[in-house]
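Since the structure comes first, as structure tokens, the remarks are kept for the end.
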Amino acid sequence: MAIKIYNDDDLAKLRIAGKLAADVLVMIEPYVKSGITTLELDDIMLKYIQEEQQAVAACLGYNGYPKATCISVNEVVCHGIPGAQKLHNGDIVNIDVTVIKDGYYGDTSKMFIVGETNLRNRKLCECAQASLYAALKKIKPGVPLSVVGDTIQPIADKEGFSIVRDYCGHGVGTSFHEEPSVLHYRNSENSRIILKKGMVFTIEPMINAGTWRCKLNKKNGWTVTTADKQPSAQWEHTLTVTDDGCEIFTIRPDETIDRVLHN
Ligand code: MF3
Ligand code: CO
Ligand code: CO
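Just so we're on the same page, this note's numbering is the position in the sequence shown counted from 1, plus 122.
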């Protein structure tokens, strides 16, 4: 299957879905405090998506996934299943929200720091966000998709961090995971894909403090941790390629990057 090109009507709907996903992350922020369980957070977000947004929580039931969101704490790389785990001061937490509105998907995640954490954790969170922003600033028609990995690799290298290789960004639109796979490390595969106006995909670098190697929890079939139990951080946006850059559908007001980038 080729990579889909979305038209203006599609993009209008993706803009709405992206905004809703971003709004969930804004809404949940004051609740992300020491003592709350990840299940309580998930319940609040599911209610908000269904009742306030009249939207669908895309993760719930996706390939059998049991909850509405993914909440990944400390050494959990991604696909943390909300449960009885309580948050503690110093935890770094990724919340990944995907909503479906009118058949279109918005997929986004960010890091939250519970109380105060150590310098290395702060640097890890900052590095992952900076790497996402740097990659977004390179997106435009005519550029190979490998610009993503080429941009993120030296940013992680400089801090002595590593980039997850087993999980990647993805095309998204009228389904959750479409072509292409967006690799966050330096690679040649993505150099064969030339960006075109109307492509829609995520960039969602997972940056590890130690090894890039991951371990899948065989008991639940979902939760991915770092192989060395060192922490991991991730930020994710959904975007479309425009005439001269990109538009970030999942931008929040607290961000230091514009929604529309002229690259
Ligand atoms: N939101 C994740 C992504 O960025 C996918 C989660 S799938 C789930 O692609 F089933 F684990 F929820
Ligand atoms: Co995604
Ligand atoms: Co996501």
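Heads up, the beta-carbon is just placed ideally off N, CA and C, and yes, glycines get one too.
Buried versus exposed call for residue i [16 or more other C-beta atoms within 10 Å across all chains shown]
i	result
Met233	buried
Val140	For the sequence presented, residue 140 should be read as Gly rather than Val. So Gly140 ends up on the buried side.
Ala179	buried
Gln175	buried
Tyr184	exposed
Segment limits, beta strand (DSSP E) that includes residue i
i	result
Leu317	No beta strand (DSSP E) holds Leu317; DSSP gives it neither H nor E.
Val294	Neither: Val294 is in no beta strand (DSSP E) and is coded neither H nor E.
Ser231	Tyr226 to Ile235
Residue i: CB within 7 Å of a non-hydrogen atom of ligand 1
i	result
Trp344	yes
Separation of residue j from residue i, as counted between CA atoms
i	j	result
Met149	Cys336	31 Å
Leu209	Pro353	15 Å
Ile274	His306	6 Å
Lys351	Leu142	33 Å
Val304	Ala256	15 Å
Contact test: residue i Cβ vs ligand 2 heavy atom, cutoff 7 Å
i	result
His292	yes
Residue i beta carbon near ligand 3 (any heavy atom closer than 7 Å)
i	result
Asp279	no
Asp213	no
Asp218	yes
Ser297	no
Asp229	yes
Asp238	In the sequence as presented, Asp is not what sits at residue 238; that position holds Glu. No.
Gly358	Residue 358 is actually Glu in this sequence, not Gly. Checking the Cβ of Glu358 against ligand 3 gives yes.
First and last residue of the uninterrupted alpha helix (DSSP H) at residue i
i	result
Val269	Val269 to Glu281
Lys141	Asp130 to Ile150
Lys392	With the chain running from 123 to 385 in the structure shown, residue 392 is simply not present.
Lys208	From DSSP, Lys208 is part of no alpha helix (DSSP H); its letter is neither H nor E.
Handout entry: Touching by the beta-carbon criterion (3+ pairs, under 8 Å), the segment 258-268 and the segment 294-301
Key = no
Problem - Meets three-Cβ-pair contact criterion under 8 Å: the segment 240-251 and the segment 154-164 - result: As far as the Cβ criterion goes, the segment 240-251 does not touch the segment 154-164, which means the pair count is below three.
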